Amino acid sequence: MQARNLLWLLVLLLAIESLIGEFYRTVPLTVLHLTILLSFAFVHGALRYGTRGIIAFAVICLVVSNLLENLGVATGFPFGPYHYTDALGPKLGYVPLMIGPAYLGVGYLSWVLAGVLIGDVSRRSDGWQVLATPVIGAFIMVMWDFAMDPMASTLAQWWIWHQGGGYFGVPLQNFLGWYLTVFAFMLIFAIYLRRYGPEETAPQPKGYYLQAIAMYAVVALDFVASYLVKGSEQVTDATGMTWRSGDVYETSALVALLAMMFIVVLATLKVAREPDETLSRI
């Protein structure tokens, strides 16, 4: 019971931090944002997969994302030519230490929502399930990047796209690279669960799934809040292309409302319609 209350508290804390961040966004606040997401992932994940299981997810996610991000900066594959500035602090190789936790925090939520929509992975899962859950989870994760990337790169210049791109200075290849990266670490985790995970994941009440859905909703609505409270000014990317920041915020809000929140509504309806006795098989 204490763990479940803590999870709701973390949802509330993320909402409060996100609102404060709209007016005072700093690197320490970003660290707090990630800390809340990571705390949620470890507590929530341990309830279902056990401590070993959520640690496995974390290690797989952090290793795969850092390797592919470093490969991306060094070679341009799979994201396109870019580099990180010093805005996010210390780096592991070419990549700021904060990037891995971002993959982990939102990646875990995306994994849970994919499991709600089409089923979780366990030792009893067939090959179709092992493949399908990462396929959907990666789409859910990239929806977040679709809203986030232009704000973080073109506006905040946490990373720089050398050749720009048609989506407010972000290239199409970036989103394909994100999909590949997320699909890769989710597939490896699915294979891990298929071989080493429990035969059935621990049954959980509906509130357990609603907590992850609510957390993803807070992440989505943060983009809507940015659109509502921030002004508009001209911003020039690395190629000399000029964009209006207000257009970026508006488009990110649109993605959040009609893509990310669509997943939230769909997952909520799925949980609400499921009999309690079937929730352990989600």
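In numbering that gives the first Met the number 0, the protein residues as written are 0 to 281. All residues carry an ideal CB built from backbone N, CA and C; glycine is no exception. Keep in mind that this is a model prediction, so the values were computed, not measured.
Close CB contacts of alanine 211 within its chain, under the 7 Å cut and outside five residues either way in sequence, are with His43, Leu108, Val111 and Leu112 (chain order).
In the DSSP annotation of this structure, the continuous segment of the alpha helix (DSSP H) that includes valine 141 starts and ends at 126-149.
By the neighbour-count criterion, in which 16 or more other beta carbons inside 10 Å mark a residue as buried, leucine 67 falls on the buried side. A straight-line Cα-Cα distance of about 31 Å links tyrosine 48 and asparagine 173.
Rounded to the nearest angstrom, the Cβ distance from tryptophan 158 to threonine 84 is 7 Å, consistent with a contact under 8 Å. Of the candidates Ala2, Phe78, Leu11 and Gly136, Ala2 places its Cα closest to the Cα of phenylalanine 41. By the 16-neighbour rule on beta-carbons within 10 angstroms, threonine 132 is buried. Our two residues, alanine 219 and tyrosine 102, have alpha carbons roughly 15 Å apart in a direct line.
Of the candidates Phe76, Pro100 and Pro80, Pro100 places its Cα closest to the Cα of leucine 87.
A check of alpha carbon separations from leucine 61 across Ile187, Val10 and Ser121 identifies Ile187 as the nearest. Every unbroken stretch of the beta strand (DSSP E) spanning 3 or more residues and falling wholly within the stretch 21-107 is given here in chain order: 81-83. Leucine 28 and glycine 52 have their C-alpha atoms some 29 Å from each other. When C-alpha distances from leucine 33 are compared across Ser17, Phe22, Tyr23 and Leu46, the shortest belongs to Ser17. When only Cα atoms are considered, leucine 192 and aspartate 246 end up about 42 Å apart. A direct Cα-to-Cα measurement between methionine 97 and valine 30 gives close to 7 Å. Beta-bridge partners of glutamine 233 (DSSP): Arg243.
In the structure shown, the three-state DSSP call for valine 120 is coil.
Put simply, of Ile35, Thr50, Gln156 and Asp148 the residue whose alpha carbon is nearest the alpha carbon of leucine 175 is Asp148. In this structure, the CA atom of tyrosine 23 is about 42 Å from the CA atom of glycine 196.
Counting C-beta atoms within 10 angstroms of its own C-beta, tryptophan 127 has fewer than 16 neighbours from the protein chains shown and is therefore classed as exposed. Here the C-alpha atom of leucine 46 lies approximately 8 Å from the C-alpha atom of glutamine 203. Going by DSSP, tryptophan 177 is part of the alpha helix (DSSP H) stretching over 171-195. The C-alpha of glutamine 156 lies about 16 Å from the C-alpha of serine 231.
Between valine 270 and tyrosine 207, the C-beta gap is not smaller than 7 Å, which leaves the two residues out of contact.
A Cβ-Cβ distance of about 4 Å is found for the pair alanine 252 and tyrosine 226, placing them in contact under the 8 Å criterion. With respect to alanine 146, alanine 224 sits apart: the two C-beta atoms are not nearer than 7 Å. Below 8 Å, enough C-beta pairs join the stretch 235-249 and the stretch 161-168 to call them touching: three or more.
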